[in-house]
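A quick write-up on the structure given underneath.
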Amino acid sequence: MTAVHPLSDAELTLRPSQPNGQLVTFDVERSDVEPSEPVGTVEVRQTGPGVGLVTWALDGGIGVAERTVRLVAEYAFGELGLERLQVEVDPDLHSSARIAIRSGFRREGVLRGAVLVEGQRRDVAIYGMRADDPRPDTVTGWTALMDSTLPKKRVIAHVVVRDTAGRVLLCQVSYKKDLELPGGVVEPDEDPATGASRELEEELGTALPLLGVLAIDWLPRWEGWGDAVEILYDGGIHDPSLIDRLQPDGFEIKAISWRAPDELAGLVSPLNARRLPMLLAAPDQLHNLSNGSPITS
Numbered sequence: 001m002t003a004v005h006p007l008s009d010a011e012l013t014l015r016p017s018q019p020n021g022q023l024v025t026f027d028v029e030r031s032d033v034e035p036s037e038p039v040g041t042v043e044v045r046q047t048g049p050g051v052g053l054v055t056w057a058l059d060g061g062i063g064v065a066e067r068t069v070r071l072v073a074e075y076a077f078g079e080l081g082l083e084r085l086q087v088e089v090d091p092d093l094h095s096s097a098r099i100a101i102r103s104g105f106r107r108e109g110v111l112r113g114a115v116l117v118e119g120q121r122r123d124v125a126i127y128g129m130r131a132d133d134p135r136p137d138t139v140t141g142w143t144a145l146m147d148s149t150l151p152k153k154r155v156i157a158h159v160v161v162r163d164t165a166g167r168v169l170l171c172q173v174s175y176k177k178d179l180e181l182p183g184g185v186v187e188p189d190e191d192p193a194t195g196a197s198r199e200l201e202e203e204l205g206t207a208l209p210l211l212g213v214l215a216i217d218w219l220p221r222w223e224g225w226g227d228a229v230e231i232l233y234d235g236g237i238h239d240p241s242l243i244d245r246l247q248p249d250g251f252e253i254k255a256i257s258w259r260a261p262d263e264l265a266g267l268v269s270p271l272n273a274r275r276l277p278m279l280l281a282a283p284d285q286l287h288n289l290s291n292g293s294p295i296t297s
């Protein structure tokens, strides 16, 4: 690291200690009072080429900490030549997480059990900022920060394809015993209807027309999966011979079959056993569901 000079704004002065190898420590003082008051320290430790870890121990509230960390970050990028800064926070320390976000660090993920504290494994939340990131006082910068902290709920798009005998098309998949509807997870930056059509094309070799939405369902956590929103599209009514023109991919989809509503129990998941007979009995209405059951209030 290069030589470090004092930093300041209207209220704070940051006095660096002599750089010690890959570590720079700033002693922080309130300079808007007489005499000046120490409020703590901030450190930047270079952990790799162009990468620094920022830590702090500060009094005076979130506002003081935010301004201090912003000053150090800009200095680290401009004068120390770093290209990425990182903050590591205990997920339970919400004030530290707020300081990281308000200082310009985006939440990037959680390292599970990454540190040992008093004999117990603790998670570590990782926040990062690149030198070329838009800063938090810009619209795009603040939006990116907020987006990094908001839930990323999974969206699933399945298609209910029926035949003229009132049966539903189900797939034997390679990764579980339950028969499943065609379709799957919607990709990032893909609208759900496009995702449903893409999955049909990939799984069965044909993208059938989607006639509308039959149901919107919320799925709670289940067998290791996080919660999700599922959209069930109407794939229309077809002659039973449609099944002969479909081409299962042979990898994810092993076989396909028509199944009547009264034979679904034991063949499909409890979720689909609850909702599919209801959808097949009333395909002309939009079903608002929670875990496969109607939302009535």
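FYI, the numbering for the sequence shown is 1 to 297, going by the UniProt record's numbering. Built from N, CA and C at the ideal position, the CB exists for glycine as well.
Taking only the alpha-carbon atoms, compute the straight-line gap between residue i and residue j and give it to the nearest angstrom.
i, j, result
"Asp-191", "Val-69", "39 Å"
"Asp-137", "Leu-23", "28 Å"
"Arg-84", "Arg-107", "14 Å"
"Asp-234", "Val-110", "38 Å"
"Gly-212", "Pro-248", "24 Å"
"Gly-266", "Leu-280", "17 Å"
"Val-33", "Val-39", "12 Å"
"Ala-76", "Leu-82", "6 Å"
"Gly-52", "Ala-125", "16 Å"
"Leu-170", "Arg-259", "7 Å"
"Glu-199", "Asp-244", "19 Å"
"Leu-150", "Leu-12", "32 Å"
"Leu-93", "Trp-142", "21 Å"
"Lys-177", "Leu-232", "21 Å"
Mind checking residue i: buried by the 16 CB within 10 Å criterion, or exposed?
i, result
"Ala-165", "exposed"
"Val-89", "buried"
"Arg-112", "exposed"
"His-287", "buried"
"Asp-133", "buried"
"Tyr-127", "buried"
"Gly-104", "buried"
"Met-129", "buried"
"Glu-118", "exposed"
"Arg-67", "buried"
"Ala-255", "exposed"
Going along the chain, which residues of its own chain have a beta-carbon closer than 6 Å to the beta-carbon of residue i, five neighbours each way excluded?
i, result
"Asn-291", "Pro-220"
"Asp-217", "Glu-230, Leu-289"
"Leu-181", "His-158"
Under the three-state reduction of DSSP, which class applies to residue i: helix, strand or coil?
i, result
"Arg-135", "coil"
"Arg-257", "According to the sequence as given, residue 257 is Ser; it is not Arg. Note: Ser-257 maps to strand in three-state DSSP."
"Val-159", "strand"
"Phe-26", "strand"
"Pro-49", "coil"
"Asn-272", "helix"
"Leu-93", "coil"
"Ile-295", "coil"
"Ala-282", "coil"
"Leu-12", "strand"
"Gly-212", "coil"
"Thr-194", "helix"
"Gly-104", "coil"
"Asp-262", "helix"
"Ala-228", "strand"
"Pro-38", "strand"
Please determine, among the options, the residue with the shortest C-alpha to C-alpha distance to residue i.
i, options, result
"Asp-123", "Gly-52, Thr-149, Pro-91", "Pro-91"
"His-158", "Val-54, Pro-209, Gly-184", "Gly-184"
"Ala-215", "Arg-135, Val-160, Pro-240", "Val-160"
"Met-278", "Arg-167, Ser-36, Met-129, Ala-97", "Arg-167"
"Glu-223", "Leu-271, Asp-9, Val-72, Pro-16", "Leu-271"
"Ala-207", "Ser-36, Leu-246, Ile-237", "Leu-246"
"Ala-228", "Thr-296, Glu-118, Lys-152, Asp-163", "Lys-152"
"Thr-25", "Ala-144, Gln-46, Gly-50, Pro-35", "Gln-46"
"Ile-101", "Arg-135, Glu-43, Gln-120, Asp-163", "Arg-135"
"Gly-61", "Arg-154, Ile-237, Glu-74, Ser-96", "Ser-96"
Sorted by chain position, which residues of the same chain lie with C-beta nearer than 7 Å to residue i's C-beta, five sequence neighbours on each side aside?
i, result
"Ala-65", "Trp-56, Leu-58, Ile-99"
"Glu-252", "Val-173, Ser-174, Glu-203"
"Glu-187", "Gly-195"
"Trp-225", "none"
Short of 8 Å in beta carbon distance, which residues of its chain neighbour residue i, apart from the five on each side in sequence? Order them along the chain.
i, result
"Leu-116", "Arg-122"
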